[in-house]
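A.B. asks: Numbering (numbering that gives the first Met the number 0), first residue to last: 0 to 363. All C-beta atoms, glycine included, are put in the ideal place defined by N, C-alpha and C. This one's a predicted model, so the numbers in the text were calculated from it and none came from an experiment. Before I ask anything, let me first share the structure, which is written out below as structure tokens.
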Amino acid sequence: MHDVALTSDHFNEVLVSYCSSPGNVFLLCLFVTIDNPLRMSICVKNLKSDLKVTRYEIPIEAMSSTLPKNSFGLQLVQVSKPAKNKIEFEHYIIVSTGDGIHFFPLEDLFSFEDCKPNKWHLNASADTLTSFYAYNIKGSELQVVYSTKFGSIVKFNFNIESKIFKMVSDCKDAATDCINSCKPCTPANIDKERIQVPELVFSSFDNYIYSLEDKLQKFPVDLTSEKNILVSAHGVVAKQYSKKALRYYVANIVNGGCCLFKRSANDTWDRIRVFEREITSLEESSPLIDCVVTCHDRAQLRIASGSESGKVYIWCYDYRDDVVTESHVLEVAGDQDIVHNIQILGSLVYFMVNRDFVGRTMIP
0 MHDVALTSDH FNEVLVSYCS SPGNVFLLCL FVTIDNPLRM SICVKNLKSD LKVTRYEIPI
60 EAMSSTLPKN SFGLQLVQVS KPAKNKIEFE HYIIVSTGDG IHFFPLEDLF SFEDCKPNKW
120 HLNASADTLT SFYAYNIKGS ELQVVYSTKF GSIVKFNFNI ESKIFKMVSD CKDAATDCIN
180 SCKPCTPANI DKERIQVPEL VFSSFDNYIY SLEDKLQKFP VDLTSEKNIL VSAHGVVAKQ
240 YSKKALRYYV ANIVNGGCCL FKRSANDTWD RIRVFEREIT SLEESSPLID CVVTCHDRAQ
300 LRIASGSESG KVYIWCYDYR DDVVTESHVL EVAGDQDIVH NIQILGSLVY FMVNRDFVGR
360 TMIP
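Structure (structure tokens):
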């Protein structure tokens, strides 16, 4: 049975996003009110103890409570700061609100009286920010990449010392439809103190997966039915060579399961397997359902998917022998609940149920 990690006891707010701290010690959840004026708060829970949840209201301004709830996002990023012949680290909380992205140090969460977060404003007033990912680069800077409803991909830097923003690139109409997710292609082994610029993977309703490294590339998902829609994508670097890499991507398809793609060291792109969820009498329709992939043991991938039936699906795939070694169906909510925002953290899988709570359960 699942363990409810964090929920809210406030009737007039909904859960919109969550993330974990480095080392997976703390769970942070972002809540927004359902009426105007829109107010936001972050709830923090220590995952290593049974201490009560602590709530912090944050002074972030957004256009209104009518912003799409899936345009809100939360990330905690470690930033390097050169100081007297050594490197120090500071943690920044980043919140997206659909109309912009807000930045403030983690320590300011505990004393917001004199704090005003720095905000990057979305350039196009008619557009909406849909997803983002931030990471540390050299020179006390954060680099942020975000996608939009109108298919743009934007990259900018934020200097944590000068508090200055700098536009890096703005690729308008990168996709012909809404780009609804932006996720990293995560290395199998992550050095938290090393600055690494990740490949970023985007999914779009035009049914292409987009990959951003030195340049933007796109790969068709080749769906067979009008009822199939690409709604999420995620990647992992299984093998890193000196200049090339072996990468795998998972793409969640409405009414089509979780598709696994292989991108070899010579950059060929192959669809190698489809992991199917249980078929019910109702067709899938939610754009929230996502899937993730991580490296698990030698030559094995672990894939996890949410669902519209209160379940988390987990598969283990041996890419050397091309065989599924394990599959599990975990009932974590009611049979009509939407389970989404999947994250694998160690031996646990975390997820959101509707917009009600964050849950977690052990991976068998």
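Measuring only the C-alpha atoms, how far is Ile302 from Ile228?
C.D. replies: Each residue's Cα considered, the two are about 19 Å apart.
A.B. asks: Taking Asp169 as part of the beta strand (DSSP E), name the residues at either end of that continuous run.
C.D. replies: 164-170
A.B. asks: Around the C-beta of Gln342, are 16 or more other C-beta atoms found within 10 angstroms, so that it is buried, or is it exposed?
C.D. replies: buried
A.B. asks: Please report the distance separating the alpha-carbon of Val348 from that of Met361.
C.D. replies: 6 Å
A.B. asks: Could you check how far apart the C-beta atoms of Val230 and Leu14 are, in whole angstroms? I think they sit under 8 Å.
C.D. replies: No, Val230 and Leu14 are not in contact; Cβ-Cβ is about 19 Å, not under 8 Å.
A.B. asks: So is Lys217 buried or exposed if we call it buried at 16+ other beta carbons inside 10 Å?
C.D. replies: Lys217 sits exposed, since fewer than 16 C-beta atoms from the chains shown fall within 10 Å of its C-beta.
A.B. asks: In three-state terms, what does DSSP make of Leu287?
C.D. replies: Three-state result, Leu287: coil.
A.B. asks: Does the Cβ-Cβ distance between Phe30 and Ser40 come in under 7 Å?
C.D. replies: Against a cut-off of 7 Å, the Cβ pair of Ser40 and Phe30 comes out as a contact.
A.B. asks: In the DSSP assignment, find the unbroken beta strand (DSSP E) run with Gln299 in it and report its ends.
C.D. replies: 299-304
A.B. asks: Within the same chain, show all residues whose beta-carbon is closer than 8 Å to that of Phe131, passing over the 5 residues directly before and after it, in chain order.
C.D. replies: Here the set comprises Gly72, Gln74, Ile93, Ser95, Ile100, Val143, Val144, Tyr145, Ser146, Cys181.
A.B. asks: If you follow the beta strand (DSSP E) that Leu75 is in, where does it begin and where does it stop?
C.D. replies: 71-81 is the extent of the beta strand (DSSP E) around Leu75.
A.B. asks: Would you decide whether Arg297 is buried or exposed? Buried here means 16 or more other CB atoms lie within 10 Å of its CB.
C.D. replies: If you draw a 10 Å sphere on the C-beta of Arg297, you find fewer than 16 other C-beta atoms in it, and that means exposed.
A.B. asks: Would you list the one or two residues that DSSP bridges to Phe274?
C.D. replies: Cys257
A.B. asks: In angstroms with no decimal places, state the Cα-to-Cα distance between Asn45 and Cys184.
C.D. replies: 28 Å
A.B. asks: Starting from the C-beta of Val78, find all residues in its chain whose C-beta is less than 8 Å away, skip the five residues before and the five after it, and write them out in chain order.
C.D. replies: Phe88, Glu89, His90, Tyr91, Asn135, Ser139, Glu140, Leu141, Ile159
A.B. asks: By the 10 Å Cβ neighbour count, where 16 or more other Cβ atoms means buried, how is Met0 classified, buried or exposed?
C.D. replies: Confidence at Met0 is low in this model, with a pLDDT of 42, below 50, so the placement of that residue should be treated as unreliable; the coordinate-derived value is given next. It is exposed - the Cβ of Met0 has fewer than 16 other Cβ atoms within 10 Å.
A.B. asks: Would you kindly report the start and end of the unbroken beta strand (DSSP E) that includes Cys18?
C.D. replies: 12-19
A.B. asks: Look at Val24 and Lys47 and say whether their C-beta atoms are less than 7 Å apart.
C.D. replies: Closer than 7 Å, so yes.
A.B. asks: Can you list, in chain order, the residues of its chain with a C-beta nearer than 6 Å to that of Glu56? Leave out the 5 residues immediately preceding and following it.
C.D. replies: Ser40
A.B. asks: Among residues of its own chain, excluding the 5 on either side of Pro58, which ones have a beta-carbon nearer than 8 Å to its beta-carbon?
C.D. replies: Phe111, Cys114, Lys115, Pro116
A.B. asks: Determine, using beta-carbon pairs with one atom in the region 331-340 and one in the region 301-319, whether at least three such pairs fall under 8 Å.
C.D. replies: With the cut-off at 8 Å, the region 331-340 and the region 301-319 touch.
A.B. asks: By a C-beta neighbour count over all protein chains shown, 10 Å radius and 16 as the cutoff for buried, is Glu212 buried or exposed?
C.D. replies: exposed
A.B. asks: Does DSSP put Leu108 in a helix, a strand or coil?
C.D. replies: helix
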